[in-house]
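Colleague: Got a structure for you, written out below as structure tokens; questions coming shortly.
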């Protein structure tokens, strides 16, 4: 056991005890693969603003930000008030309500491609619906995606999501896998060649800023080029804005690029950190969700869709409050500016420590720490090093999503400086133990 791990165990002893209990109840002791950490994850007691506090009472600057859903930070008073007021009025009506209309109106106001809206409970549900609608609308079967671009955990998109995954992944039928065209990189010539030769492609789906919110960067011509190619060949262009929606700009990445996709998937910020998502887009595609007094339509066209928590009143209230707040773009601009400054300061720390083969990069309100080489869709690396980096950062009062992070509008320049100091301290711990040279 390294000195680093010993220090980590001593600092987070109550978390270790909770993890022992969790191991008896959950596979790997966690409820989300991304929360797994060696030797155990830190357990959080409360969160406010840019901070969260562990069960041990340790204050931590947070760059998880609710898996990207909290651009206003934790427990923002505008969101808390909206949730509290709605909770007192009812948490689930099992009926239509005015809030769902207002929520949809806010989305349509910010995102002009959202001709019509259908609410779901998560980003995974949104991408699943997008693919099924694209197949229904076009009468075609195949889906083009790109390695490393994450679109949820359903069968239609699961291959090449991360390192070591079999193709097809366990539990995914070969028949389903064979309808997925997963390309190792976003290459316009390769896509053009496929679309010329294969007339069975229903849709193309991608993360518009590149895999893992810019972890694998895209050149400026990619998104416009894909829009032109899909339009030319009658392929539905699905922009997965689960992460980028209302984060890159009030109208998402599509506003930034000036692109109008056929369908867009939303979650995270759209529901202000509560469960909720949406599929939005062209009315002539979305109308396939309609019930009609037409037997042929019901049999051959109508796409079935239910969902106990669709447009849940709590999520709707929170989502409306969130979208009203970020509509003018000021919170988004603050988060972006802080991330740019943080990337700059962390890069200076790397230089001061002689780590020339490391880099900190990213776009908008994101940052990535890469230990060596260039960014690839797999981002293969030393898993032990990744866990060690997280341990070292947590001991210095900072938590990231592995080696990635997101800023919010409530992070401050003081947070940036403290994070740079924490990064320097973490590197010192890694060097002390011989984990890095």
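Numbering (this note's numbering), first residue to last: 87 to 523. Cβ coordinates follow ideal geometry from the N, Cα and C atoms, glycine included.
Going by DSSP in three states, residue 157 sits in which element: helix, strand or coil?
Modeller: Correct three-state label for residue 157: coil.
Colleague: Excluding the five sequence neighbours on either side, which residues of its own chain have a C-beta within less than 8 Å of the C-beta of residue 92, listed in chain order?
Modeller: Counting only Cβ-Cβ distances below 8 Å, and skipping sequence neighbours, we find nothing.
Colleague: Are there 16 or more other CB atoms within 10 angstroms of the CB of residue 515, so buried, or fewer, so exposed?
Modeller: Buried, by the Cβ-count rule.
Colleague: If the criterion is Cβ atoms closer than 8 Å, does the pair residue 329 and residue 120 meet it?
Modeller: The answer is no: Cβ separation not under 8 Å.
Colleague: Less than 8 Å between the beta carbons of residue 172 and residue 400, yes or no?
Modeller: Going by C-beta atoms, residue 172 is nearer than 8 Å to residue 400.
Colleague: So, does the region 382 to 401 touch the region 409 to 421, judging by three or more C-beta pairs under 8 Å?
Modeller: No, because fewer than three Cβ pairs between the region 382 to 401 and the region 409 to 421 fall closer than 8 Å, the two stretches do not touch.
Colleague: Please report the residue range of the alpha helix (DSSP H) in which residue 408 lies.
Modeller: Where residue 408 is concerned, the enclosing alpha helix (DSSP H) stretches over 399 to 412.
Colleague: Go through its chain and collect everything with a Cβ distance to residue 104's Cβ below 6 Å, but skip five positions before and after it.
Modeller: Same-chain partners within the cutoff: 129.
Colleague: From 87, 313, 142 and 270, pick the residue whose C-alpha is nearest to that of residue 302; which is it?
Modeller: Ranking the options by Cα distance to residue 302, first place goes to 270.
Colleague: Using beta carbons (cut-off 8 Å, strictly below), is residue 131 in contact with chain C?
Modeller: Here chain C cannot be found, since the structure has a single protein chain.
Colleague: Determine the direct distance from the alpha carbon of residue 107 to that of residue 306, and round the result to whole angstroms.
Modeller: Computed Cα separation, rounded: 48 Å.
Colleague: Buried or exposed for residue 339, please, with buried defined as at least 16 other CB atoms from any protein chain shown within 10 angstroms of its CB.
Modeller: Its Cβ being crowded by 16 or more others within 10 Å, residue 339 is buried.
Colleague: Does residue 381 pass the burial test, meaning 16 or more other C-beta atoms within 10 Å, or should it be called exposed?
Modeller: Per the 10 Å Cβ criterion, exposed.
Colleague: Have a look at the DSSP bridge pairing and note the partners of residue 453.
Modeller: Per DSSP, 491.
Colleague: What is the DSSP secondary structure of residue 343, reduced to helix, strand or coil?
Modeller: Here residue 343 sits in helix by DSSP.
Colleague: If distances are taken between C-alpha atoms only, which option among 312, 352, 447 and 321 comes closest to residue 210?
Modeller: Closest option to residue 210, Cα to Cα, is 352.
Colleague: Which ranges does the beta strand (DSSP E) cover as unbroken runs of at least 3 residues, wholly within the region 274 to 304, from first to last along the chain?
Modeller: Runs of the beta strand (DSSP E) inside the region 274 to 304: 287 to 292.
Colleague: Are residue 258 and residue 393 closer than 8 Å when you measure CB to CB?
Modeller: Result no, Cβ atoms of residue 258 and residue 393 do not sit closer than 8 Å.
Colleague: For residue 429 and residue 168, what's the separation of their Cα atoms in angstroms?
Modeller: Taking the straight line from one Cα to the other gives about 33 Å.
Colleague: Pair every Cβ in the region 320 to 335 with every Cβ in the region 345 to 365, then say whether three or more of these pairs are closer than 8 Å.
Modeller: Judged by Cβ distances under 8 Å, the region 320 to 335 makes contact with the region 345 to 365, as three or more pairs qualify.
Colleague: Apply the 10 Å Cβ neighbour rule to residue 89 and answer buried if 16 or more other Cβ atoms are within range, or exposed otherwise.
Modeller: It counts as exposed.
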